Every structure is written in C-alpha cells, then in structure tokens.
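Scroll down for the structure; my scribbles are underneath it.
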Amino acid sequence: SILADTPSKSAAFLDIGANIGWFTLVMASLGHKVIAIEPMQNNVKLLQASLHASQVSQNVIVHPNGLGVKPSLCILYSDNRNVGDGHTICDITSEKEASRRIPGGYSLRKVINSTRLDTLVNQNIDVMKIDVEGSELYAVQS
1 SILADTPSKS
11 AAFLDIGANI
21 GWFTLVMASL
31 GHKVIAIEPM
41 QNNVKLLQAS
51 LHASQVSQNV
61 IVHPNGLGVK
71 PSLCILYSDN
81 RNVGDGHTIC
91 DITSEKEASR
101 RIPGGYSLRK
111 VINSTRLDTL
121 VNQNIDVMKI
131 DVEGSELYAV
141 QS
C-alpha cells in the first residue's frame with residue numbers, strides 16, 4: 001500500500017532476494033520501476049519467464065547477483081527439499097572448503113562472486129524489500 005499511494009508511477013522498488021519474483025511482479029504490474037536482485041539461477045529463469053508472460057518486463061531490471069559488504073567468492077547452497085531457498089557462505093578459498101561448510105541435507109548450487117549493492121544500483125530507491133535468509137545486514141551494508 002505504500003507504493004499505491006505514491007503519486008508518481010515512476011517510483012523505484014528494490015527487491016533484494018527476489019526469489020521467483022512475487023513482489024517484483026506485483027510492483028511492476030502496478031507500473032512501478034523495479035530492480036530485482038536474485039543470485040539463484042533457477043529462480044532468475046522463473047522470474048524472467050513470469051515477467052515475459054505478464055508483459056511487465058519493460059518495468060524491471062534483473063541482476064543475477066549476490067550481494068556482500070565486499071566482493072568475495074561465495075557459495076549458494078540450499079535444502080535438498082527446497083532448492084529455490086538459497087543460503088550463502090562467503091569468503092571461501094576453494095570449492096572443497098565450501099563443501100565442508102555446507103550443513104547436512106543441503107547441496108551446493110552455485111559458486112558466485114558477490115558484489116556490492118552500490119555498484120549495481122546508482123539511483124534513488126523509494127521502497128526496498130530484503131529477504132536474503134539471514135544476510136540482510138550484509139546486503140544493507142553493501
């Protein structure tokens with residue numbers, strides 16, 4: 001309802017941890033400009049397909065990135081029963097080290113280089129949603 005009361009349809013919504021894009025799609029369908037950040041490759045594919053099917057892709061920029069306080073090598077891992085629910089461990093030195101740090105019942109999904117938010121977004125943001133599985137502080141600090 002915050003953006004519904006915004007007089008300008010050019011309000012900017014930042015969706016960090018966009019997942020498959022529910023919030024992104026809602027905001028874009030209301031005519032708002034959206035920047036969606038999501039590092040999980042399968043989620044990005046589903047998000048992009050939904051944007052295309054909903055015919056709102058012109059309102060959305062998707063960054064398939066992970067965020068961090070500093071650029072570093074990170075792993076994305078998820079529960080074997082919920083592969084789209086990603087978690088991150090950063091500052092790893094090798095994939096072998098990463099494998100040792102992943103909890104039981106979880107699997108490595110992808111090795112990524114994290115980036116700072118301020119290198120991806122250089123515009124004013126009106127509303128921000130963050131859902132990054134416990135790494136919210138790092139996302140904000142980036």
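Counted the way UniProt numbering counts, the sequence shown spans residues 1 to 142.
Note that CB positions come from ideal geometry on N, CA and C, so glycine has one too.
Since the structure is predicted, the reported quantities are computational estimates derived from the model, not experimental observations.
Contact check, residue i vs residue j, beta carbons under 7 Å
i	j	result
I16	I130	yes
S77	R109	Note on identity: in this sequence residue 77 is Tyr, with Ser being the wrong assignment. Yes, these two residues count as a Cβ contact at 7 Å.
G84	S114	no
V62	A36	yes
A18	D126	no
G86	M40	yes
Whole-angstrom C-beta distance between residue j and residue i, which should lie under 8 Å
i	j	result
L25	S50	6 Å
V44	I75	Not a contact, Cβ separation roughly 17 Å.
K116	P64	Looking at the sequence itself, residue 116 is Arg, so the reference to Lys does not match. So it is not a contact: roughly 15 Å between Cβ atoms.
R128	L14	Note that residue 128 is Met in the sequence shown here, rather than Arg. Rounded, the Cβ-Cβ distance is 4 Å, consistent with contact.
S107	N80	6 Å
I102	L73	So it is not a contact: roughly 15 Å between Cβ atoms.
K33	S54	With 8 Å as the limit, K33 and S54 do not qualify as a contact, their Cβ atoms being about 15 Å apart.
With 16 other Cβ atoms within 10 Å as the buried cut-off, status of residue i
i	result
E95	exposed
A98	buried
N59	buried
H52	exposed
G21	buried
G31	exposed
N- and C-terminal bounds of the beta strand (DSSP E) containing residue i
i	result
H63	V60 to H63
L14	A12 to I16
I37	K33 to I37
V127	V127 to I130
N- and C-terminal bounds of the alpha helix (DSSP H) containing residue i
i	result
H52	Q41 to S54
V26	W22 to S29
Enumerated in chain order, which unbroken segments of the alpha helix (DSSP H) with a length of 4 residues or greater are wholly contained in the segment 61 to 121? 95 to 101 and 117 to 120
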